[in-house]
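These notes concern the structure reproduced below.
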Amino acid sequence: RMNADIPGVNLVITTGGTGLGPRDNTPEATRAVIEREVPGIAEAMRAESLKKTPTAMLSRGVCGVRSGALIVNLPGSPAAVRECFAVLRPVVSHAIALLAGRDDGTHQ
């Protein structure tokens, strides 16, 4: 059973497996289970990471929705996780509210 299918779960974060290595299959696994992609989040995380290192363009992480839960792929490096979570943090509560059918008034 998918964590996103558990009642009350509204956010699933994965770490690692988003690069080009032979075992990096997190984006494919995520795409196989999501109902809709949310490309702007992954794009924003990559854009911020590119300010630090050009290798960020090799990240294939995706973001999407399943059963009303937001699923976000973060990179595996602890430093990259911190950078990407800093991008995610300001929008995650609004995204969760929208998925629950509520507008929390934080959009601009």
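Numbering of the sequence shown is given in our numbering, commencing with residue 2 and proceeding in unit increments. Every residue gets a Cβ at the ideal spot worked out from N, C-alpha and C, and that includes glycine. Here the structure is a predicted model, which means the values were calculated and not measured.
Notebook entry, point to check: What whole-angstrom Cβ distance do Thr31 and Asn4 have, given they're in contact under 8 Å?
Noted result: Between the beta-carbon of Thr31 and that of Asn4 there is about 12 Å, and that puts the pair past the 8 Å contact cut.
Next item on the list: Measure the C-alpha to C-alpha separation of Glu84 and Ile72 and round it to an integer number of angstroms.
Entry: The alpha-carbon separation between Glu84 and Ile72 amounts to approximately 17 Å.
Margin query: Quick check on the DSSP output: the beta strand (DSSP E) that includes Thr56 runs from which residue to which?
Written below: That residue, Thr56, is in no beta strand (DSSP E); it is neither H nor E in DSSP.
Notebook entry, point to check: When DSSP labels each residue in this structure, what does Thr19 get in the three-state scheme?
Noted result: Assignment of Thr19 by DSSP, reduced to helix, strand and coil, places it in the coil class.
Check: DSSP state of Glu36, grouped into three classes?
Finding: Correct three-state label for Glu36: coil.
Next item on the list: Kindly indicate which residue of Ile97, Thr54, Thr56 and Val13 has the alpha-carbon position closest to the one of Val1.
Entry: No answer is possible for residue 1: the residues shown for the chain start at 2 and end at 109.
Next item on the list: Please classify Met58: is it buried, with 16 or more other beta-carbons within 10 angstroms of its beta-carbon, or exposed?
Entry: Within 10 angstroms of the beta-carbon of Met58 lie fewer than 16 other beta-carbons, which makes it exposed.
Item checked: Among His95, Arg103 and Thr19, the one whose alpha carbon lies nearest that of Thr56 -> Thr56 has its Cα closest to that of Thr19, out of His95, Arg103 and Thr19.
Check: Of all the options Gly102, Glu44 and Asn11, which has the alpha carbon lying nearest to the alpha carbon of Val63?
Finding: Residue Glu44 holds the alpha-carbon nearest to the alpha-carbon of Val63 among Gly102, Glu44 and Asn11.
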